[in-house]
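Notes for the one structure printed next.
Structure, rendered in structure tokens:
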């Protein structure tokens, strides 16, 4: 079925007017036609995170991942090249790899035995001289993503043959994105395997949340504030000067909590921060990292990060770590969350164990933070699918900090790109996410004046 059959659903056709008012139609989170179009215009045409190079350090190492709902194999072939191969035999479409990770020199289809090198080339088929005498093996290798890039250890792929280069897609957001992965010469290292779990909520709820939904922390995550797992400076009520929301940054957004004049360095201890230096970062980027308590953001569409210091007990010191998220679509009313924990490569084995322990205790299926979010997100999806919402033309409110709603205005002297506001009391990052989403869904450009 061609993309032309999938017209823009009527439920979002007039959404541009809603966006200008800071409103959102609930169909965004529930409509099947909307979801089907997302798979084609969002996931098939965006740079999607596949995995980290440290997950497959040796030749032949592989992991299985998804782009949208399509299955792929991320593998380091015998020449050391990273490849993203469609997990489907060219003969009759059976999956050639049925495990999540491993090491192999090739793949043998369990259906009819077609055999491929780990680089994707077809090297054999049973009874070839009798049944496939004229088959050109070079023409029947596994399909591969046309664009794959390793950016600071992060492997992204794009299925669109005409896709813009990754750094152009990243745009000005590179200024903030690089901070997360380039504080030290060695960069970041994945600790353990990713955790993954299903949630009965739309994938965009997680993606928008990491764009700067700062006001939910003191309500949704009240329990972790009460027991002292995180301090009020990092997750309490927004305060002028300690928070930063940066939105309209090449279609992406980030939220930051900081302590001006101090150097918490995301709660990394001196044994780790002694390895930090500007390197590929400029001094303004490095200084922002130094005074930050946390930074969280989303690279559109579904790759999010949270750089934060936490503890698994009020009696233990905090440990800084980086968690990466992929909000994997599984239908309009379900997503699979993939979560990685990373630490600076130069950190000691003891510190990495501590960082992993803290990361798992907070952001994992049973994590202290995670359980809070997944308790409330499904309710949004259920509300979005109600007959009442459809009958009454219901709209969700995304107006926090917009125009006259806020006394705070964008910073005129901000050193970085994007629109920056010195308070976390706003939803500008979420509005940026949905503006980008609408533009990609409709192949249009939307001009919206948004003063967070």
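Numbering (this note's numbering), first residue to last: -15 to 436. Yeah, the Cβ is synthetic: ideal placement off N, Cα and C, and Gly gets one too.
Contacts around residue i, its chain only, beta-carbon distance under 6 Å, and the 5 residues preceding and following it disregarded
| i | result |
| --- | --- |
| residue 269 | 163 |
| residue 61 | 67, 102 and 103 |
| residue 165 | 136, 171 and 172 |
| residue 7 | 379 |
| residue 389 | 383 |
| residue 284 | 235, 236 and 420 |
| residue 92 | 99 |
Among the options, nearest to residue i - alpha-carbon criterion
| i | options | result |
| --- | --- | --- |
| residue 49 | 315, 366 and 311 | 311 |
| residue 188 | 250, 391, 19 and 114 | 19 |
| residue 208 | 355, 432, 373 and 415 | 355 |
| residue 373 | 249, 11, 388 and 0 | 11 |
| residue 159 | 183, 402, 197 and 385 | 402 |
| residue 124 | 105, 112 and 118 | 105 |
| residue 308 | 16, 174, 370 and 17 | 174 |
| residue 246 | 271, 264 and 257 | 271 |
Between the CA atoms of residue j and residue i - distance to the nearest angstrom
| i | j | result |
| --- | --- | --- |
| residue 141 | residue 289 | 18 Å |
| residue 204 | residue 364 | 14 Å |
| residue 66 | residue 101 | 14 Å |
| residue -13 | residue 195 | A caution first: residue -13 carries a pLDDT of 49, below 50, which makes its placement in the model unreliable, though a value can still be read off. One C-alpha to the other measures close to 29 Å. |
| residue 417 | residue 9 | 14 Å |
| residue -2 | residue 76 | 42 Å |
| residue 168 | residue 260 | 5 Å |
| residue 72 | residue 116 | 19 Å |
| residue 178 | residue 227 | 30 Å |
| residue 186 | residue 108 | 42 Å |
| residue -15 | residue 25 | Note that residue -15 has pLDDT 40, beneath the 50 cutoff, so the model's placement of it is unreliable and no number is given. |
| residue 437 | residue 32 | Limits of the chain in this structure are -15 at one end and 436 at the other, which puts residue 437 out of reach. |
| residue 337 | residue 254 | 17 Å |
| residue 436 | residue 392 | Summary for residue 436: the model assigns pLDDT 45, below 50, so the residue's position carries little reliability; its value from the coordinates is reported in the next sentence. Taking the straight line joining both Cα atoms gives about 8 Å. |
| residue 206 | residue -7 | 38 Å |
| residue 85 | residue 42 | 12 Å |
Beta carbon proximity, residue i to chain B, threshold 8 Å
| i | result |
| --- | --- |
| residue 1 | The chain inventory of the structure shown lacks chain B, comprising one protein chain alone. |
Cross-strand partners of residue i (DSSP beta bridge)
| i | result |
| --- | --- |
| residue 373 | Per DSSP, none; premise fails for residue 373. |
| residue 70 | 56 |
| residue 195 | The partner list for residue 195 (beta bridge, DSSP) is empty, contrary to what the question assumes. |
| residue 233 | 236 |
| residue 340 | For residue 340, which the question treats as bridged, DSSP gives no partner whatsoever. |
| residue 308 | 289 and 324 |
| residue 200 | Beta-bridge pairing links residue 200 to no other residue. |
| residue 250 | Answer by DSSP bridge pairing: none, since residue 250 is not bridged. |
Neighbourhood of residue i by C-beta, 7 Å cutoff - its chain only, sequence neighbours within 5 removed
| i | result |
| --- | --- |
| residue 176 | 325 and 340 |
Own chain partners of residue i with C-beta closer than 8 Å, once the 5 adjacent residues on each side are dropped
| i | result |
| --- | --- |
| residue 404 | 228, 229, 230, 394, 395 and 398 |
Closer than 8 Å is the cut-off here; do at least three beta carbon pairs connect the segment 405 to 421 with the segment 377 to 391? yes
Three CB pairs or more closer than 8 Å across the segment 117 to 132 and the segment 142 to 152: yes
At least 3 beta-carbon pairs within less than 8 Å: the segment 238 to 258 vs the segment 292 to 312: yes
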